[in-house]
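Engineer:
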Amino acid sequence: MPVIKPSCVRDLKLRVNLAEVVSRVVALRRAGGSRQKGLCPFHNEKTPSFNVDSDKGFFKCFGCGKAGDAIDFVRETEQLSFTEAVETLGQRYGVAIEYEEGSGPSREERSLRQELFDLHEQAAGHFHEAFRATGPAGHFMRAYWVNERRFSAELAEEFKIGAAAPDGGGLGAVIQRKRYSEEAIRHCGLFFVRDDAMITVGALRPRFRGRLMIPIRDHQGRVVAFTARQTALTPQDDPSREAKYVNSPETPIFTKGNLLFNLDRARTEVGESRPFVMVEGQLDALRCWSVGLKTAVAPQGTSITEGQLALLRRYHAEVECFFDSDPAGQKAALRLLPMALKANLEVRFLTLAGDAKVDPDLLFLERGLAAYAEVRKTSLSAMAFACRALLPSPATASSELRSRAAQGVLGIIAAAESEVSRAAFIAEAAALLQLPASALQGDLRRLLGRSDRGGARAPAPPPAQGSGTVTPEHDLLRLCLHFEQIGRPLSTAVPHDWIDQRQPAGVLLNRFLGELENGNWPGRDHLQALMENDDEKSLVASLLFDVPVLDDPFKVAREGIRRLRDRALGARIRQIELALARTPSDFNDDSSSLLRELSDLQRQLRQPVILTEAG
Ligand code: ZN
């Protein structure tokens with residue numbers, strides 16, 4: 006195993022800006038001081054509880070408890086080992102990684118995922134070169150791109166559009182020259198490889214031939230797959246000859262349902278009144294981009310999934326759907342609605358006035374960005390869209406049709422998790438369907454009641470954060486972290502046996518006070534060395550974020566000490582009282598010493614706690 010020099014890891018941590026690292030994945034907002042907040046990438050949430058403090062180099066989620074530094078973040082979000090995460094960050098920040106003597110990584114030691122990322126980058130470069138090349142295949146594809154798809158050469162450059170020659174264009178040889186592992190070649194999805202076949206150039210049958218190649222990037226901009234458009238060059242013996250689009254199969258780096266085309270670019274373009282625009286296909290998204298609508302994303306030729314919507318929600322809460330007005334497009338839109346409501350996305354549907362048929366690709370091609378402003382003007386809310394789809398002409402509909410439509414709409418509304426939004430949807434739907442809201446409300450209650458019994462809607466309890474119920478250990482630990490001048494006096498004022506070490510805060514407080522007492526306190530910014538596991542890291546991170554607003558921290562510290570003392574001495578007092586109750590009333594030595602101890606304890610309890618800056 007390659008071992009990275011600790012000095013190198015330290016250097017890297019100094020160079021890396023945590024907020025910058027995190028914002029590749031999470032949209033962050035300022036939250037006071039050096040702190041920023043966003044939606045947690047490690048659990049599903051609707052209000053941000055993921056905190057980042059760039060100065061301290063720490064992140065912490067108050068929802069699920071995940072915490073750590075920049076390296077931890079890259080490890081977790083990119084599923085890398087420690088070494089790989091350090092290498093990735095090193096590459097991004099231009100820090101050369103140094104390894105302990107003789108332990109550098111060999112080709113075999115790179116992870117399969119890293120190899121697959123690299124291999125796809127190579128393949129994308131290969132296809133793109135073929136697209137630009139002067140040969141007949143390149144010439145044909147460029148003409149196809151410009152004349153038939155009516156896209157510009159600049160757009161092809163920007164998105165690295167490629168060409169797969171009818172014979173595969175020698176991709177197999179290119180990949181083999183790079184000496185990827187057999188496992189990577191088998192699993193990259195670019196070739197058909199028989200399980201029992203040796204990996205030789207001849208054995209590598211390319212999956213994509215005679216097709217226009219569109220690289221698919223994950224939300225971090227890494228090529229993870231391809232979509233291949235059929236052309237006149239697609240050979241007869243292509244096993245998917247008739248398919249207009251062929252996608253890479255799923256691989257260790259590509260899961261269709263967790264990826265949206267163009268999200269890597271769109272996520273940096275969304276903002277106030279610039280929502281995501283969901284279109285049906287990759288070429289639609291490219292069309293949007295080409296006219297300057299840069300927030301468009303598209304699924305991977307499959308239905309939109311909850312995972313994709315949750316991914317969107319991480320960056321922005323609003324999405325406009327712009328689907329074909331054909332039945333397939335309308336069906337896709339209706340399928341998406343409950344999932345979007347569940348993900349707490351605010352959805353609108355872009356349409357043309359009246360019943361005009363819409364083909365987003367054509368519309369933008371002909372009218373450019375001006376068309377976007379127009380379809381936005383006549384856009385429909387989630388409920389308006391659903392009601393119109395389920396009951397096209399409410400004025401003349403029979404009551405039976407009306408109630409059937411209502412059931413459909415209620416099925417969608419039921420997916421929303423907040424009661425407030427459900428109530429708002431009900432009011433809107435009732436008006437649109439011309440039904441009494443109270444009736445819809447009752448039906449919804451019955452519908453939800455049914456799923457209640459399935460136990461599906463039980464909301465998660467909010468994480469306990471109140472300070473009224475926390476232990477004195479917790480309070481004192483927090484004070485130590487935020488008011489470092491308190492640490493030393495505290496370490497001499499608190500006997501170690503007052504601290505309850507059955508709780509994590511007690512274990513840490515005991516350890517910290519020990520270090521303070523011995524003059525070994527490393528300072529708040531270098532606590533990593535004092536922590537032994539992830540739970541401790543998580544606890545400290547949450548305390549670091551929990552900045553107390555106090556006039557007099559010493560007063561609060563005295564109160565904490567008093568609580569520790571009362572608890573410890575109180576327990577001893579109860580023990581003694583119990584022992585005395587059991588002994589006969591005539592005094593003996595035992596009971597007199599117990600009585601002495603008791604009065605001593607009671608005297609201690611009456612004394613004020615003294616704690617001053619001087620210690
Ligand atoms: Zn979380």
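According to our numbering, the residues represented by the sequence shown are 6 to 620, in order. We treat Cβ as the ideally placed atom computed from N, Cα and C, and that holds for glycine.
#1: Could you tell me the distance, in whole angstroms, from the CA atom of residue 67 to the CA atom of residue 54?
#2: If we require 3 or more residues per run, which beta strand (DSSP E) segments fall completely within the stretch 40-94?
#3: Quick one: what does DSSP say residue 146 is sitting in, helix, strand or coil?
#4: What's the C-alpha gap between residue 604 and residue 617?
#5: The beta strand (DSSP E) with residue 292 in it runs from where to where?
#6: If I measure Cβ to Cβ from residue 120 and keep anything under 7 Å in the same chain, skipping five residues before and after, which residues do I get?
#7: Use the C-beta contact count for residue 203: other C-beta atoms within 10 angstroms, 16 or more gives buried, fewer gives exposed.
#8: Report the rounded CA-to-CA distance for residue 524 versus residue 560, giving the unit in angstroms.
#9: For residue 382, count neighbouring C-beta atoms within 10 Å of its own C-beta (all shown protein chains included) and say buried if the count is 16 or more, exposed if not.
#10: Any idea which residues DSSP pairs residue 252 with across the strands?
#11: Looking only at its own chain, which residues have a Cβ that is under 6 Å from the Cβ of residue 488, when we skip the five neighbours before and after it?
#12: Please list the segments of the alpha helix (DSSP H) lying wholly inside the stretch 485-572, counting only runs of 4 or more residues, in order along the chain.
#13: From residue 5 to residue 358, what does the alpha carbon distance come to, in whole angstroms?
#14: Once the 5 residues before and after residue 30 are set aside, which same chain residues still bring their CB inside 6 Å of it?
#15: Have a look at the DSSP bridge pairing and note the partners of residue 414.
#16: Can you tell me where the alpha helix (DSSP H) with residue 429 in it begins and where it stops?
#17: Per DSSP, what are the beta-bridge partners of residue 326 in this structure?
#18: Please check the pair residue 342 and residue 391, which I expect to be a contact at CB under 8 Å, by giving their CB distance rounded to whole angstroms.
#19: Within its chain, find whatever has a CB closer than 7 Å to the CB of residue 606; leave out the 5 residues flanking it on each side and keep chain order.
#20: For residue 242, is the classification buried or exposed, using 16 other Cβ atoms within 10 angstroms of its Cβ as the cut-off for buried?
#21: If you drop the 5 nearest sequence neighbours on each side, which residues of the same chain put their C-beta closer than 6 Å to that of residue 284?
#22: Please list, in chain order, all residues of the same chain as residue 349 whose beta carbon is under 6 Å from its beta carbon, the five residues on each side excluded.
#23: Of the residues 221, 182, 351, 312, which one's Cα is nearest the Cα of residue 279?
#24: Measure the CB-CB distance between residue 513 and residue 496 and report whether it falls below 8 Å.
#25: Please report the distance separating the alpha-carbon of residue 24 from that of residue 43.
#26: Can you determine whether any heavy atom of ligand 1 sits closer than 7 Å to the C-beta of residue 47, and answer yes or no?
#27: Does the stretch 476-485 touch the stretch 502-510, meaning 3 or more C-beta pairs lie closer than 8 Å?
#28: Check residue 597 in the structure and name its three-state DSSP category.
#29: If we ignore side chains and look at the alpha-carbon of each, how far apart do residue 22 and residue 62 end up?
#30: Express the C-alpha separation of residue 437 and residue 397 in angstroms, rounding to a whole number.
#31: If I'm right that residue 171 touches residue 215 with Cβ under 8 Å, what's the distance once you round it to whole angstroms?
#32: Can you tell me whether residue 400 is buried or exposed? The criterion is at least 16 other CB atoms within 10 Å of its CB, across all chains shown.
#33: Please list the terminal residues of the continuous alpha helix (DSSP H) segment that includes residue 177.
#34: Below 7 Å, is the gap between the Cβ of residue 71 and the nearest heavy atom of ligand 1?
#35: With DSSP run on the structure shown, which of helix, strand or coil describes residue 388?
#36: Do the stretch 240-255 and the stretch 135-144 meet, that is, are 3 or more Cβ pairs less than 8 Å apart?
Structural biologist: In short:
#1: Taking the straight line from one Cα to the other gives about 5 Å.
#2: 40-43, 55-58, 63-66
#3: Taken through DSSP and simplified to helix, strand or coil, residue 146 comes out as helix.
#4: 27 Å
#5: From DSSP, residue 292 is part of no beta strand (DSSP E) but of the alpha helix (DSSP H) over 287-295.
#6: Counting only Cβ-Cβ distances below 7 Å, and skipping sequence neighbours, we find 185, 186, 189.
#7: exposed
#8: 24 Å
#9: exposed
#10: 232
#11: 558
#12: 489-498, 509-522, 539-550
#13: Since the first and last residues shown for the chain are 6 and 620, residue 5 lies out of range.
#14: Cβ within range, chain order: 46, 82.
#15: DSSP output for residue 414 lists no bridge partner at all.
#16: Where residue 429 is concerned, the enclosing alpha helix (DSSP H) stretches over 424-438.
#17: Paired residues: 283, 354.
#18: 6 Å between Cβ atoms; contact.
#19: 574, 577, 578
#20: exposed
#21: 290, 301, 303, 327, 365
#22: 51
#23: 351
#24: no
#25: Straight-line Cα distance between these residues: approximately 11 Å.
#26: yes
#27: yes
#28: helix
#29: 8 Å
#30: Distance between the alpha carbons of residue 397 and residue 437 is about 11 Å.
#31: Going by Cβ atoms, the distance from residue 171 to residue 215 rounds to 4 Å, so yes, they are a contact pair.
#32: Answer is exposed; the Cβ neighbour count stays below 16.
#33: 176-182
#34: yes
#35: helix
#36: no
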